[in-house]
Amino acid sequence: AQTVTQSQPEMSVQEAETVTLSCTYDTSENNYYLFWYKQPPSRQMILVIRQEAYKQQNATENRFSVNFQKAAKSFSLKISDSQLGDTAMYFCAFRSGGSRLTFGEGTQLTVNP
Amino acid sequence: DTAVSQTPKYLVTQMGNDKSIKCEQNLGHDTMYWYKQDSKKFLKIMFSYNNKELIINETVPNRFSPKSPDKAHLNLHINSLELGDSAVYFCASSHFLPGAGGTEAFFGQGTRLTVV
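Okay, structure coming up:
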């Protein structure tokens, strides 16, 4: 069974600075997909970024980028130029084949003015 | 247009009652899910349907019964509600096989169930 671990329950960052959220996972699969979802106080689950395991290039979406280390089974999220609206719970998630999304425990990120 | 829509958003009910949560998606996905988010925000899969067939049934009390009348709808009925059922319930949908059609799951806005 796949497991996803986020070892930082809470993090904070000053507005305009950069923060990195950590995620590790365990799987015996070779082909899979990794995601970061954001859950603001509104409760909505919003996809931030996705990474296909077969792609070596790290995914980037505007201020959000990932550092995907397949051998180390590590998938961290970097948020540049943090904004107040980035304050949310961030979930790392794993999916392979026809299976469900498996989530990590989440990291509560607070952006301070 | 709302991609995944679940109703109601809030549900407050007494112990012992029976309640239902409805979910609909207009994304053309063939797979739908129910997730439970507990008070510590942990998201755990409960059920999954692919083309109206149950494919995932995690260890959930049999008071919880999902029903999928077609691949665009997945409802969750809960009998004899207990205090411990209080949580946020999320419906989600995706393509069964990740690929050109997309890899991620899309979520509804969640239903906060409070049992008193």
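Heads up: the protein sequence lines correspond to chains F and Y, in order. Under the working numbering, the first residue of the first sequence carries the number -15, and numbering increases by one thereafter. Under the working numbering, the first residue of the second sequence carries the number 939, and numbering increases by one thereafter. Cβ coordinates follow ideal geometry from the N, Cα and C atoms, glycine included. Just so you know, these numbers come straight off a predicted model, no measurement behind them.
Could you check where the beta strand (DSSP E) with Pro1007(Y) kicks off and where it finishes?
Within the second sequence, residue 1007(Y) is the residue found at index 69, counting from 1. Run containing Pro1007(Y): Phe1002 to Asp1008, per the beta strand (DSSP E) assignment.
Inset, instruction - Please report how far the alpha carbon of Leu68(F) lies from the alpha carbon of Thr2(F), in whole angstroms. - result: To locate residue 68(F), count along the first sequence from 1; it is residue 84. To locate residue 2(F), count along the first sequence from 1; it is residue 18. Taking the straight line joining both Cα atoms gives about 13 angstroms.
Within 8 angstroms, do at least three Cβ pairs link the stretch 1007 to 1025 of chain Y to the stretch 941 to 961 of chain Y? With a cut-off of 8 angstroms on Cβ pairs, the stretch 941 to 961 of chain Y is in contact with the stretch 1007 to 1025 of chain Y, counting three or more such pairs.
Quiz prompt | Met29(F) beta carbon less than 8 angstroms from that of Phe1028(Y) | solution = To locate residue 1028(Y), count along the second sequence from 1; it is residue 90. To locate residue 29(F), count along the first sequence from 1; it is residue 45. Against a cut-off of 8 angstroms, the Cβ pair of Met29(F) and Phe1028(Y) comes out as a contact.
query = What residues from chain Y crowd round Phe48(F), counting only those whose CB sits closer than 9 angstroms?
reply = By one-based count along the first sequence, residue 48(F) stands at place 64. Per Cβ cutoff of 9 angstroms: no residues; Phe48(F) is ~14 angstroms from chain Y at best.
How about Ser80(F) and Glu13(F): are their beta carbons less than 8 angstroms apart? Along the first sequence, read from residue 1 onward, the residue named residue 80(F) stands at position 96. Along the first sequence, read from residue 1 onward, the residue named residue 13(F) stands at position 29. Against a cut-off of 8 angstroms, the Cβ pair of Glu13(F) and Ser80(F) comes out as a contact.
Any beta carbon of chain F sitting closer than 8 angstroms to that of Thr981(Y)?
As a first step, residue 981(Y) is located in the second sequence; it is residue number 43 there, counting from the start. According to the sequence shown, residue 981(Y) is Leu rather than Thr. Chain F, which has a Cβ nearer than 8 angstroms to the Cβ of Leu981(Y), makes this yes.
Please name the residue or residues paired with Ala1025(Y) in a DSSP beta bridge.
-> As a working mapping, residue 1025(Y) is identified with position 87 in the second sequence. Answer is Leu1051(Y).
Practice task
Out of Thr11(F), Tyr21(F) and Gln40(F), state which residue places its alpha-carbon closest to the alpha-carbon of Ile63(F).
Solution key: On the first sequence, position 79 is the one that residue 63(F) refers to. Among Thr11(F), Tyr21(F) and Gln40(F), the Cα nearest to that of Ile63(F) belongs to Tyr21(F).
- Message: Taking only three categories from DSSP, how would you classify Asp70(F)?
- Response: Mapped onto the first sequence, residue 70(F) falls at position 86. Here Asp70(F) carries a helix assignment [DSSP, helix/strand/coil].
* How would you write the range of the beta strand (DSSP E) that Thr8(F) sits in, first residue to last? -> Sequence index remark: in the first sequence, residue 8(F) carries index 24 (1-based). If you look at Thr8(F), you'll find it in the beta strand (DSSP E) that goes Thr8 to Asp10.
Any contact between the stretch 963 to 977 of chain Y and the stretch 1005 to 1020 of chain Y? By contact I mean 3 or more CB pairs, one from each, below 8 angstroms.
yes
* Asked: If you compare alpha carbons, which of Ser83(F), Thr71(F), Pro25(F) and Phe87(F) is closest to Arg1050(Y)?
  -> Looking up residue 1050(Y) in the second sequence gives position 112. Nearest to Arg1050(Y) by C-alpha distance, out of Ser83(F), Thr71(F), Pro25(F) and Phe87(F), is Pro25(F).
Taking DSSP as the reference, what is the three-state secondary structure of Arg34(F)? To locate residue 34(F), count along the first sequence from 1; it is residue 50. Secondary structure at Arg34(F): strand, using DSSP grouped into helix, strand and coil.
(Q) How far does the beta strand (DSSP E) with Glu(-6)(F) in it extend, from its first residue to its last? (A) The count along the first sequence starts at 1 and reaches residue -6(F) at position 10. Unbroken beta strand (DSSP E) run through Glu(-6)(F): Glu(-6) to Gln(-2).
Glu140(F) touches chain Y at which residues, Cβ-Cβ below 9 angstroms?
Since the first residue of chain F shown is -15 and the last is 97, residue 140(F) is not available in this structure.
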